[in-house]
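S.K.:
In my numbering, the protein residues as written are 12 to 732.
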């Protein structure tokens, strides 16, 4: 049984799936200015009489901050679902309450902040009403909006809603299509002619598209759910989407109509209106000042009228392109006034009036494009006239200049002969100067090359002197000091302590001998005295000899030496130099490895792949010797000077050993002398433990004769490099 206050209202009866029933006079409305009343409050008998029957086919409340409640009754006899659709996308929130058989209400919400819960994917609110067949249900609708609050609403079946949506979508697609074509067309013209007025018109059309996309709910398709929902929740969005195109059309009119020259007062007024529009937007964004929303329609109408008056004044002054502007803007003005009167609830709201802006905008943008095209024709005609006048003036000036030139030609002919003679003399002097400059350039380059060489040699000399003064002086002072102690009669040393002192003297001598040997090796290499006797030999046997010789030294630091790889690897190399190469690498591995670690030597036979500068052996059979330790590794900065002479690394020996910085330089020169290559593949940042040095030597082949003796000139190689 329906309450008495509901029984007095007309009941909407849905008889077919194709029915689409307008709410119109079947709905009662109530304005909740506090926005605090709940469904329990408004459905109580005490507030029943506050609902007033609607006197409009489309109830319209213009701009209001109140919550609007609608109440109607519906009976579903169609055997299909029953839907409520409201053609007002900018509604901020929409709550629907449908009475059930138990006397309560089923609540559904549709709002900009909850767009993900939409039952039907449409640009405007569509909700299914949970109804029982042949039962009368009371429906309460609560709506809040920051935009215009009007209700073009229907109750319908599935087929009716889909048909209405089809025609609605087709009309909007046509409108948006026209706007899109005009945007692309004028953007193309702007790119072609580079006139700012075309860009302003493109921006105006884009702002118009934004307005209609906001009004019709298409922002959810253009921008996505999250961004569109945020825009609909923002109170200033209606002001922005309405005043932005109004401001842009004022700017466009000032440029297109040349109001700065043709109508200076109207030109200033147009810019004042732009400032007022922007101020209104700022006030609404920052303060939510209700007056800003109240004067919105007034500012739009004033901007539209001022633009129209400007077009009339300029057209009367003889600017023919203004006729298209005037025609298009007149149509837009009429449509804007009709829509503004509907927004302010001065005239009755209908579906046709609700769509009038799209009709006016589509017509206006087409006529404006004609205006811009006509303006191009006018400018081309004016340019043609100016070109013809300028051509006539140029012809007269050319005739005068021709006479003057003929008179001066005879004088120039006499002067030309003298000039040619002077040029010949100048050319001869130029050739002599160029020859002298070339000789000076060659001398300068030779001196510069020698200076660079001397600078390099001087640096190496200083490095050697500094190293000798430090690395030779310390062990020498150790030998002298300990020897002095041993020969002094006042010291009574035991035999065991004398052995200790002798061992220290011996170690100091070894350090001096290593330094001198390294210096001699460098001298022999760089002076070209090193003779390389390349023979066919087994690299694995040389590796194992080196590992055997270093067992004792490694054991002193509890380091384990390992060999892994092939049993035999035949290469072309000098056996003594190969021993020295592996000795240096294994010695460094032991020197920089912590106590109790392992050093691995691996020998492989393969074709190397191109890596950095190692493409020489890219397709040549070769032997790869890997020496890998578990030390701190070598960082990228140290690798830049790793194989240079007197290189000092950031890593330090772990057992107090010394390093003179020549070992890796000697290794590189010896490897390259035997047509091989050496590189390091260790960077601590990569996560690989220790340092890995790789030596690549060419493998032996059948046609090689081991009787050959090779001599490698290192100084020449460095000069060529």
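Here a beta-carbon is modelled for each residue, glycine too, at the ideal position from N, C-alpha and C.
1. Which one or two residues does DSSP pair with residue 637 in a beta bridge?
2. Smallest Cα separation from residue 174: which of 28, 348 and 266?
3. Looking only at DSSP bridge pairs, what is residue 273 linked to?
4. Rounded to a whole number of angstroms, what is the C-alpha to C-alpha distance between residue 494 and residue 655?
5. Of the choices 167, 23 and 266, whose alpha-carbon is the least far from that of residue 146?
6. Using 8 Å for Cβ pairs, my map puts residue 639 next to residue 701. What's the rounded Cβ distance?
7. What residues in its chain sit with their C-beta under 6 Å from that of residue 588, if we drop five residues either side in the sequence?
8. Just tell me which of 82, 31, 373 and 20 has its CA closest to the CA of residue 339.
9. Look at the alpha carbon of residue 709 and the alpha carbon of residue 443, and state the distance between them as a whole number of angstroms.
10. Tell me where the alpha helix (DSSP H) around residue 153 begins and ends.
11. Could you name each continuous beta strand (DSSP E) segment of 3 residues or more that falls completely within the region 41-119, going from the start of the chain to the end?
12. Could you spell out where the alpha helix (DSSP H) holding residue 33 opens and where it closes?
13. Would you kindly report the start and end of the unbroken beta strand (DSSP E) that includes residue 546?
14. Could you check the C-alpha separation between residue 552 and residue 511 for me, to the nearest Å?
15. My guess is that residue 165 and residue 96 are in contact by the Cβ rule of under 8 Å, so how many angstroms apart are they, rounded?
16. Look at residue 21 and residue 45 and say whether their C-beta atoms are less than 7 Å apart.
17. Given a cut-off of 7 Å, decide if residue 70 and residue 179 are closer than it, judged by their beta-carbon atoms.
18. Please say whether residue 251 and residue 292 have beta carbons closer to each other than 7 Å?
19. Taking its Cβ as the centre, do 16 or more other Cβ atoms sit within 10 Å of residue 412, making it buried, or is it exposed?
20. Taking only three categories from DSSP, how would you classify residue 576?
21. Which partner residues does residue 121 have in the DSSP bridge list?
22. For a quick check, are the C-beta atoms of residue 102 and residue 119 less than 7 Å apart?
23. Would you mind stating whether residue 172 and residue 141 have Cβ atoms separated by less than 7 Å?
24. So residue 312 is in the beta strand (DSSP E); what residue range does that whole segment cover?
25. How is the alpha helix (DSSP H) around residue 590 delimited, first residue to last?
26. From residue 212 to residue 229, what distance separates their C-alpha atoms?
27. Look up residue 682 in the DSSP assignment and say whether it is helix, strand or coil.
28. Note down the Cα distance separating residue 463 from residue 448, rounded to an integer number of angstroms.
29. Express the C-alpha separation of residue 151 and residue 84 in angstroms, rounding to a whole number.
30. Can you check DSSP and say which residues form a bridge with residue 373?
31. Between the C-alpha atoms of residue 124 and residue 106, what's the straight-line distance to the nearest angstrom?
32. By DSSP, does residue 226 sit in helix, in strand, or in coil?
33. Assess, as a yes-or-no matter, whether the region 207-222 is touched by the region 395-410 under the definition of 3 or more beta carbon pairs within less than 8 Å.
34. What separation, rounded to the nearest whole angstrom, lies between the Cα atoms of residue 544 and residue 455?
M.R.: Reading it off the structure:
1. 613 and 705
2. 28
3. According to DSSP, residue 273 bridges with nothing at all.
4. For the pair residue 494 and residue 655, the Cα-to-Cα distance works out to about 36 Å.
5. 23
6. 6 Å
7. 681
8. 373
9. So the two alpha carbons sit approximately 55 Å from each other.
10. Looking at the DSSP string, residue 153 is not in any alpha helix (DSSP H); the run it does join, the beta strand (DSSP E), is 147-156.
11. 71-74, 78-87, 93-97 and 102-110
12. Here residue 33 belongs to no alpha helix (DSSP H); instead the beta strand (DSSP E) covers 31-33.
13. 546-549
14. Cα to Cα, the separation comes out at about 36 Å.
15. 5 Å
16. no
17. no
18. Yes; because the gap between Cβ atoms is below 7 Å, this pair is in contact.
19. exposed
20. strand
21. 105
22. no
23. no
24. That residue, residue 312, is in no beta strand (DSSP E); its alpha helix (DSSP H) goes 307-327.
25. 586-603
26. 22 Å
27. helix
28. 22 Å
29. 9 Å
30. DSSP, once it has assigned bridges, lists no residue as partnering residue 373.
31. Residue placement at residue 124 is poorly supported in this model, since its pLDDT is 45, which falls under 50; the coordinates are not used for a value here.
32. Reduced to three states, the DSSP call for residue 226 is helix.
33. Too few Cβ pairs lie closer than 8 Å, so no.
34. For residue 544 and residue 455, the distance between alpha carbons rounds to 41 Å.
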